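Q:
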Amino acid sequence: MITNAPHPTPVNIGWIEVIAGCMFSGKTEELIRRLKRAKIAKQKVKIFKPRIDNRYSEYEIVSHSEQAMEAIIVDSPEEILEQSEDADVVGIDEGQFFSNDLVEVCNELANKGKRVIVAGLDQDYRGIPFEPIPQLLAVSEYITKTLAICVVCGNPADKTQRIVKSKDRVLVGSTGAYEARCRNCHYIPEETADV
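Residue numbers (this note's numbering): 478 to 672.
1) So who's on the other strand from A564, going by DSSP bridges?
2) Specify the secondary structure class of K510 as computed by DSSP and reduced to three states.
3) Could you tell me whether the stretch 627-646 touches the stretch 575-582, where touching means 3 or more Cβ pairs closer than 8 Å?
4) Can S576 be considered in contact with the ligand ZN, in the sense that its beta carbon sits closer than 7 Å to one or more heavy atoms?
5) Candidates E562, A657 and A518: which alpha carbon is nearest A634's?
6) Below 8 Å CB to CB, which residues in the same chain sit around Y536 once its five sequence neighbours on both sides are set aside?
7) How many Å lie between P704 and E618 at the Cα?
8) Assuming I493 and V593 make a contact with CB atoms under 8 Å, what is their CB distance in whole Å?
9) Label G590 either buried or exposed according to how many other C-beta atoms from any shown protein chain fall within 10 Å of its C-beta, with 16 as the threshold for buried.
10) Do A625 and S502 have their C-beta atoms closer together than 8 Å?
11) Taking the continuous alpha helix (DSSP H) assigned at E494, which residues delimit it?
12) Within this structure, are the beta carbons of D599 and P611 separated by less than 8 Å?
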């Protein structure tokens, strides 16, 4: 895991943390770890996930290692803002499935003194930056880049390889549809090279 150098925890201000990486790199697992620690600290935590992500559970965020926490299902970033008024910590999973309005919502929450933690893919299956995560990286105070293991060669992986045929940029899936790959083993599938 690569992260920026340790800094003191901010006091009396809000901030944004982004956990970014490819699929199977432990983003949701790290999000859950941070949110559990906030709950242990008796902070009011609200967790959100996009409605489109129903892979493992409809009402929980779930890591590939089967860790889970109850979440509020939303269709838009504005709903996160509306439902976070009483929260100290706001967790958002699968940030890449939201519109770019997520950046403004996260900034507004942080400006209100909340700790905002967003996990999401920073690149799509073609290796292209996956909005709004790159924009969130630019405005966040803390960044964690998680790496997986390449299933082909065993090197550190930061790419998501789609292994099913589809030209859709967003195709919700898991094992059987995607694999973690390193830079050398990743390729753009032929059927999508012109997209």
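Glycine residues also receive a C-beta, built at the ideal position from the N, C-alpha and C atoms.
What you are looking at is a predicted structure, and each value in this text was computed from that prediction instead of being measured.
A: According to the structure shown:
1) Its beta-bridge partners do not exist; DSSP assigns none.
2) The question names Lys, but residue 510 in the sequence shown is Arg. The answer is helix: DSSP assigns R510 an H, G or I state.
3) no
4) In the structure on display, the ligand ZN does not appear, and there are no ligands present to speak of.
5) Just measuring C-alpha positions, the residue of E562, A657 and A518 sitting nearest A634 is A657.
6) E547, A548 and I550
7) Residue 704 is absent from the model: the chain starts at 478 and stops at 672.
8) 5 Å
9) exposed
10) yes
11) Taken as a continuous stretch (DSSP letters only), E494 belongs to no alpha helix (DSSP H), being part of the beta strand (DSSP E) at W492 to G498.
12) yes
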